[in-house]
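Trainee: Below you'll find the structure I mean.
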Amino acid sequence: MGKRILFRIMKEFSLLIKPSSADCNMNCHYCYYLEKSSLYPENNIHRMTKSTLERIVSSYMRTPQPCYTFGWQGGEPTIMGLDFFKTVVELQRRYGKPGSLVLNGLQTNATLIDEKLAKHLAEYKFLVGVSLDGPEYIHNHYRKLLNGQGTFKRVMEGIETLRKNNVEFNILVLVNDFNVTKAEQIYRFLVKNGFYYHQYIPCVEFDSKGNLKPYSINGDQWGNFLIQIFDLWYTWDMYKVSIRFFDSILNKLVNGKETICPMGNECNHYFVVEYNGDIYPCDFYVQRNLKLGNILTHSFEELLNSPLFKNFGKSKLEFNNQCSKCDYLELCFGDCLKYRNFKNKSSKNLSLLCSGWKMFFNHSIYYFKKITQQL
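Residue numbers (numbering that gives the first Met the number 0): 0 to 374.
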C-alpha cells in the first residue's frame with residue numbers, strides 16, 4: 000500500500016533524450032555539447048539501441064504523469080533517421096495507457112529534414128525547434144558543416160520542407176558575440192520570413208579558469224539585445240509574434256507559475272538521458288560527478304529520490320545575498336546555475352547575466368504588467 004501511494008504522488012518530470020549523444024553533422028564552434036563525446040571514448044559513433052529506447056519509453060510511461068513529454072536533442076538527433084522516430088511512436092503507443100497525453104519535441108539544425116521525416120513529424124504532431132542565428136551572413140559565421148561550409152541554405156530548405164508538410168516549428172537563435180549587436184536585423188529577418196515563434200538563448204561558456212570563451216556574451220550585451228527585441232515586439236508585433244521568454248514572463252505574472260526552468264526555484268524538473276541510458280539532472284550538467292544512474296538499472300522512483308538529484312535541485316535557491324533584495328527575484332531566483340557556477344563552482348555567485356536582466360526588467364516590466372491588465 001505504501002508503495003502505491005508513493006507512486007501516485009510522484010513528482011512530475013519530463014525527459015530530454017540524446018539518442019545520438021554529442022554526434023552531429025555540423026561543427027559549430029560555440030557548441031557546448033560536442034565535448035560531451037569525451038564521456039564515451041570507447042565508441043566513435045554513438046547511437047541509442049532499440050532496447051535502450053524501449054526501456055526509456057516503457058519505464059517513463061509507467062509513471063503517473065499528466066502529460067508524457069519527450070524532448071529529442073543532440074548533438075543532432077535526426078542523424079538517427081526516420082525509422083528511429085517511427086519506433087519512438089510505436090513504443091509510445093504500445094506502453095501508453097488509454098487517454099494518455101504524449102508530447103514530442105525535436106530540436107534540430109534542420110539540414111537533414113526530408114519529405115518522409117517531415118510527414119512523420121506532422122502526423123504525430125512533433126513540435127520542432129530549428130536553430131537559425133539570423134540572415135545568411137550571420138548564421139554562417141558559426142553554424143558550419145564538418146567541411147567548413149555554411150549551412151544557411153540547407154537550413155532554409157529544411158524549414159521549407161517542414162512548412163510544406165504543416166509541421167509546427169519555432170526558431171531558436173543563439174545570441175553570441177557576433178550577432179548580439181544585430182538584434183534588429185535578426186528580428187526583422189525572422190518576421191519577414193513568416194517565422195512568428197522565437198526563442199533567444201544567450202551563449203555563455205566558460206573556460207577552466209572561469210573566464211568567458213571568445214564567442215560568449217556578457218550581461219550588458221544580453222540586456223541591450225533583449226531590450227531591442229522587446230521594443231520591436233511591443234511596438235509592432237505583440238499580437239503576432241510569440242517570444243518564449245516574454246510569454247514566460249506574462250505567464251508568471253498572471254498565473255504565478257513558471258514555464259521555463261530558469262524562472263523556477265528548483266532545478267529538478269527533468270532528466271537528461273544519454274544514448275546508452277545514463278541519466279543526468281540537466282542538459283548543462285552532463286558530467287561524471289553528476290551521473291545519477293542508468294535507465295537500464297535504475298527506476299525513475301529511485302532517480303527522483305536520489306540525494307544527488309535532490310541536492311542539485313535545491314542549489315537553485317543557494318543564490319547570492321544580493322538576490323534577496325532584488326525586485327525581480329520572483330522572475331529569476333538567481334538565474335540558471337550555468338551562469339552562476341563559473342567561479343569556484345559556487346552557486347552563490349551573481350549570475351554573469353545579472354546586469355543584463357536588471358537592464359531588461361527595468362526597461363520592460365511596466366509594459367509587461369500593462370499587458371497583464373489587458374489580459
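Ideal Cβ positions, reconstructed from N, Cα and C, are used throughout, including at glycine.
Between C322, V285 and N264, which lies nearest to G312 when the distance is taken from Cα to Cα?
Mentor: Residue N264 is the option with its Cα nearest to G312.
Trainee: Spell out the partners DSSP gives I200 in its beta bridges.
Mentor: The partner list for I200 (beta bridge, DSSP) reads L173.
Trainee: Would you mind giving the Cβ-Cβ distance between N178 and D132, rounded to the nearest angstrom? I have them listed as a contact below 8 Å.
Mentor: Indeed they touch by this definition, with Cβ atoms about 6 Å apart.
Trainee: Could you check which residue in D22, K337, G157 and S207 has the C-alpha nearest to that of S130?
Mentor: Considering only alpha carbons, the answer is G157.
Trainee: Measuring only the C-alpha atoms, how far is E135 from K96?
Mentor: Cα to Cα, the separation comes out at about 46 Å.
Trainee: Among residues of its own chain, excluding the 5 on either side of K309, which ones have a beta-carbon nearer than 8 Å to its beta-carbon?
Mentor: The answer, listed in chain order, is N267.
Trainee: Near D282, what residues of its chain come up, given a Cβ to Cβ distance below 7 Å and the 5 sequence neighbours on each side ignored?
Mentor: Closer than 7 Å at the Cβ level, and outside the excluded window around D282, lie L15 and V271.
Trainee: Of the residues P306, L249 and G292, which one's Cα is nearest the Cα of L374?
Mentor: Checking every option, the nearest Cα to that of L374 belongs to L249.
Trainee: If we ignore side chains and look at the alpha-carbon of each, how far apart do P18 and E301 end up?
Mentor: Cα to Cα, P18 sits roughly 22 Å from E301.
Trainee: Quick check: the Cα distance between I200 and I170, rounded to an integer number of angstroms?
Mentor: Using only the alpha carbons, I get a separation of about 11 Å.
Trainee: What does the alpha-carbon distance come out to for the pair E204 and G98?
Mentor: Each residue's Cα considered, the two are about 42 Å apart.
Trainee: CA-CA distance, V172 and F12?
Mentor: Distance between the alpha carbons of V172 and F12: 26 Å.
Trainee: For F6, which of helix, strand or coil comes out of DSSP?
Mentor: For F6, the pLDDT reaches just 39, beneath the cut-off of 50, and the residue's location in the model is therefore unreliable, although a value from the coordinates is still provided. It is helical.
Trainee: For the region 343-357 against the region 220-232, are there 3 or more C-beta pairs whose distance is under 8 Å?
Mentor: Yes, the region 343-357 is in contact with the region 220-232.
Trainee: With distances taken between CB atoms, is the gap from V166 to D236 smaller than 9 Å?
Mentor: Against a cut-off of 9 Å, the Cβ pair of D236 and V166 comes out as no contact.
Trainee: E159: buried (16+ other C-beta within 10 angstroms of its C-beta) or exposed?
Mentor: Classification of E159: exposed, given that the 10 Å Cβ count is below 16.
Trainee: Using 8 Å for Cβ pairs, my map puts S241 next to M262. What's the rounded Cβ distance?
Mentor: Not quite, the Cβ-Cβ distance comes to about 17 Å (not below 8 Å), so this is no contact.
Trainee: Taking buried to mean at least 16 other C-beta atoms within 10 Å of its own C-beta, is Q106 buried or exposed?
Mentor: So Q106 counts as buried.
Trainee: From the DSSP output, in three-state form, read off K17 for me.
Mentor: If DSSP states are grouped into helix, strand and coil, K17 belongs with coil.
Trainee: Let me confirm a value: W356 is counted as buried when at least 16 other C-beta atoms fall within 10 Å, else exposed. Which label applies?
Mentor: Label assigned to W356: buried.
Trainee: Please report how far the alpha carbon of R287 lies from the alpha carbon of C23, in whole angstroms.
Mentor: In a straight line, the C-alpha of R287 is about 21 Å away from that of C23.
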